[in-house]
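This report refers to the structure that appears directly beneath it.
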Amino acid sequence: MRISFERTGGFAGISSRKTVDTADIPANEADQLPQLVEASDFFNLPEKITASTAQADRFQYRLTVEDKGRKHTVTVSEAALPGTLRPLIEWLQKR
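Shown next as structure tokens:
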């Protein structure tokens, strides 16, 4: 499994990007990542999730997950972040 993660926006407007591949991380983390993706129901999320009203200085996240021949990208604003997706976002930010 490979995840590309980008966070943009925020008060300072700083952008950060990273890619995590389960083949390149310790086994305990490699086991945890697919569980987080599955718990978020990632492959069934819409490509774009936005808040009903725009909010200044909020982050926007873009995640692309590639796994077993499937590839899906989701762009979500911080204000509209589904609770099921939050643990995956937090895990990726800590890496």
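Heads up: the sequence shown begins at 414 in the numbering used here, then just goes up one per residue.
C-beta atoms are modelled at their ideal positions from N, C-alpha and C, and glycine is treated no differently.
Values in this document were obtained by computation on a predicted structure and should not be read as measured data.
Could you tell me which residues DSSP pairs with residue 479 in its beta bridges?
415, 484
Keeping to the same chain, check which residues put their C-beta closer than 8 Å to that of residue 454; ignore five residues upstream and five downstream.
Correct list, in chain order: 497.
The beta strand (DSSP E) enclosing residue 434, as first and last residue numbers:
429-434
Classify residue 420: buried if its beta carbon has 16 or more other beta carbons within 10 angstroms, exposed otherwise.
buried
Where does residue 455 sit, in a helix, a strand or coil, going by DSSP?
Annotated three-state conformation of residue 455 is helix, per DSSP.
Proximity of residue 478 and residue 433 at Cβ, strictly below 8 Å:
no
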